[in-house]
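A.B. asks: Below is a structure I'd like to ask you about.
2 protein chains.
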Amino acid sequence: MYEVIEGDALTVLPTLTDGTFDLVLADPPYNSGGRTTTDRTSTSTHDKYVSHDARHGLADFAGDNRDQRGYIAWLSQILAECLRAARPGASALVFSDWRQIPATSDALQAGGWLWRGVIPWHKPIHRPRRGGFAAACEYVLWGSHGPIDIIRNPACLPGWYSASQPRGRDRHHITQKPVDLLRALIRVAPAGGAVLDPFAGSGSAGVAARAEGRTYTGIELTTHYAEIARRRLDQSVREDHQPCE
Amino acid sequence: MYEVIEGDALTVLPTLTDGTFDLVLADPPYNSGGRTTTDRTSTSTHDKYVSHDARHGLADFAGDNRDQRGYIAWLSQILAECLRAARPGASALVFSDWRQIPATSDALQAGGWLWRGVIPWHKPIHRPRRGGFAAACEYVLWGSHGPIDIIRNPACLPGWYSASQPRGRDRHHITQKPVDLLRALIRVAPAGGAVLDPFAGSGSAGVAARAEGRTYTGIELTTHYAEIARRRLDQSVREDHQPCE
DNA sequence: CCTCTCGATGAATCCATCT
DNA sequence: AAGATGGATTCATCGAGAG
């Protein structure tokens, strides 16, 4: 019901059974940041996404060095495999920053999904920007596997969320998403549905799926994060089983 | 200082002097709505965008029947002419709905602007959507004419806004934007700067520019809306000149 | 003047039916 | 067979008007 498979998404996804998932929740490496090859390749993900003065010692993550054409080609394949593993009527939710919205939309549709909308995630704490507008939001692109099954899930969901990034002891990954945000997004899957997460990272989506009563299958490339994800999933289960006082 | 020129943007823009504007604020017809040609083209903008049982008799607007390729080609030309009329370091702000973000980004960059960001506008009033996420936001794409001039305008602006659509007596156009939102956006232009608005509509951007102490040049195709825009601009000036009590 | 209720409505989307 | 037409749906928000 709650598993994290260690391996590359493009290798693991083809081993999954057709039509078994109700929601694909993907938080891929954005491959963004910087318009030039130098910007993309010269620094580690750590230098790229973390303020210079933030000393948290989190590990780098892989797969963040594609140009935009490569990103579209790669993500299209991932999402096409996800479509195959998804039930008709299922949803896909793919995270993106502002710069990659067009590329992510292309990849979503190239993968066979019907593009349904954009959901901004507002981050209350963000870096100010002199001379213009701050990048205060990231985005979730929503797609569906053909017509939406309103019978299975008739929920009316908000089109916008505000949530703070995890900090301090709860922070396990450089680009970790808030569990509250993921819980809200997961409600687009029917109750008891199955969630597929091809880029599990530190497993926040699994914790969220567990809290919302959905099953979870995560895929994570690095041993380091796969272990963190499994530990967090185990703990979230245990916490749930503790008696109320 | 506050003028509304009646005519087609593609005809009027070439008559403007090079390098005179500090901000291009464009709210083009989105040419969006629906997956099919029918959804996009067959109905009037009133049928397309206004609630079935709404009673207001606001006039239709023109130029909302292009397919996506046509939209990109057309908007690119508009924005290229705007770039010529803009000062180096100037900003462009272009409204879009979620579906046209990729096309609008293409047109902005094809017109020679440097894409700088996406600013969501959250609408507290929006239609719910069964089986998924509501379309609760529209978007403003931000571009610049080369490097940003931080000396002329060092402001740090929010990257996200929430504002209700005008209702009742204040409503003049089907797709009218809130003056408060436009005032906030206009602050990206330096104090006393010149704002160019190639799709003036009912002139809300002019009212906002006046309130923020920027000059305004609007272009509007239809006589109907050009007259409304001029009247609203005159009234906003008069209101400002009334003595305080 | 404040509080409350009531009713209108939204840059939508879907689907059955007709041309 | 593809395109056009028309009607039904949805609820948080906000203005108007009453108390």
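Residue numbers (numbering that gives the first Met the number 0), protein chains in the order written: chain A, 0 to 244; chain B, 0 to 244.
Backbone N, C-alpha and C define an ideal beta-carbon position, used for all residues, glycine too.
Check each candidate in R129/B, G88/B, L232/B and name the one with the smallest Cα separation from T214/B.
C.D. replies: As a working mapping, residue 214/B is identified with position 215 in the second sequence. Considering only alpha carbons, the answer is L232/B.
A.B. asks: Just to make sure I have the definition right: I need the residues of chain A whose C-beta is within less than 8 Å of the C-beta of H125/B. Which are they?
C.D. replies: Counting from 1 along the second sequence, the entry for residue 125/B is found at position 126. Chain A residues near H125/B: G158.
A.B. asks: Closer than 7 Å, CB to CB, is G116/A near chain B or not?
C.D. replies: Taking the first sequence and counting its residues from 1, one reaches residue 116/A at position 117. Yes, G116/A counts as interfacial toward chain B.
A.B. asks: Can you give me the Cβ contacts of S75/A inside the same chain, cut-off strictly under 7 Å, excluding the 5 residues immediately before and after it?
C.D. replies: Numbered from 1 along the first sequence, position 76 holds the residue referred to as residue 75/A. A106, A109, G110, listed in sequence order.
A.B. asks: Which class does Y29/A belong to by DSSP, given the choice of helix, strand or coil?
C.D. replies: Working through the first sequence from its first residue, we reach residue 29/A at position 30. In the structure shown, Y29/A sits in coil (DSSP, three-state: anything other than H, G, I, E or B).
A.B. asks: Taking only beta-carbon positions, decide if I227/A is within less than 7 Å of chain B.
C.D. replies: On the first sequence, residue 227/A is found 228 positions in, with the first residue counted as 1. No, because no Cβ of chain B sits closer than 7 Å to the Cβ of I227/A.
A.B. asks: Run through DSSP, which three-state label would P153/B get?
C.D. replies: Taking the second sequence and counting its residues from 1, the one referred to as residue 153/B is at position 154. Of the three classes helix, strand and coil, the one that applies to P153/B here is coil, per DSSP.
A.B. asks: Decide yes or no for the touch test of the stretch 13-32 of chain A against the stretch 80-95 of chain A: beta carbon pairs closer than 8 Å, at least 3 of them.
C.D. replies: Touching, per the Cβ criterion.
A.B. asks: Would you check if the distance between the CB atom of Y1/A and the CB atom of G205/A is smaller than 7 Å?
C.D. replies: Translated into positions along the first sequence, residue 1/A becomes position 2. Translated into positions along the first sequence, residue 205/A becomes position 206. Yes, the pair counts as a contact, with Cβ atoms nearer than the cut-off.
A.B. asks: Contact criterion: CB-CB distance below 7 Å. Does I149/A meet it with respect to chain B?
C.D. replies: Here residue 149/A is taken as the residue at index 150 of the first sequence, counted from 1. So yes, I149/A belongs to the interface.
A.B. asks: Checking contacts by CB at 7 Å: is F132/B closer than that to chain A?
C.D. replies: Residue numbering aside, residue 132/B sits at position 133 when the second sequence is read from its first letter. Yes, F132/B lies at the interface with chain A (some Cβ there is under 7 Å from its Cβ).
A.B. asks: Are there three or more Cβ pairs, one per stretch, closer than 8 Å when the stretch 163-178 of chain B is compared with the stretch 142-153 of chain B?
C.D. replies: No contact exists between the stretch 163-178 of chain B and the stretch 142-153 of chain B.
A.B. asks: Output the boundary residues of the alpha helix (DSSP H) element that contains V206/A.
C.D. replies: Residue numbering aside, residue 206/A sits at position 207 when the first sequence is read from its first letter. First-last of the alpha helix (DSSP H) with V206/A: 203-210.
A.B. asks: Under a CB-based cut-off of 7 Å, is S75/B close to chain A?
C.D. replies: The sequence position of residue 75/B within the second sequence is 76, counting from 1. Not one chain A Cβ lies under 7 Å of S75/B.
A.B. asks: For T222/B, count the other beta carbons within 10 Å of its own beta carbon; 16 or more makes it buried, fewer makes it exposed. Which is it?
C.D. replies: One-based indexing of the second sequence puts residue 222/B at position 223. Result: exposed.
A.B. asks: With DSSP run on the structure shown, which of helix, strand or coil describes A134/A?
C.D. replies: Locating residue 134/A in the first sequence gives position 135, counting from the first residue. It is coil, neither helix nor strand.
A.B. asks: Between the C-alpha atoms of Y224/B and P101/A, what's the straight-line distance to the nearest angstrom?
C.D. replies: In the second sequence, the residue the question calls residue 224/B occupies position 225. In the first sequence, the residue the question calls residue 101/A occupies position 102. If you take the alpha carbons of Y224/B and P101/A, they lie about 33 Å apart.
A.B. asks: Given that a residue counts as buried once 16 or more other Cβ atoms are within 10 Å of its Cβ, and exposed if not, what is A61/A?
C.D. replies: Here residue 61/A refers to the residue found at position 62 of the first sequence. Exposed, since its Cβ has fewer than 16 Cβ neighbours within 10 Å.
A.B. asks: What number of angstroms, rounded off, separates the C-alpha of R186/A from the C-alpha of A208/A?
C.D. replies: Here the question's residue 186/A lines up with position 187 in the first sequence. Here the question's residue 208/A lines up with position 209 in the first sequence. Looking at the two C-alpha atoms, the distance is approximately 9 Å.
A.B. asks: Does DSSP put V187/A in a helix, in a strand, or in coil?
C.D. replies: In the first sequence, counting from the first residue as 1, residue 187/A sits at position 188. Of the three classes helix, strand and coil, the one that applies to V187/A here is coil, per DSSP.
A.B. asks: DSSP on H121/B, reduced to helix/strand/coil?
C.D. replies: As a position in the second sequence, residue 121/B is number 122, starting the count at 1. Strand.
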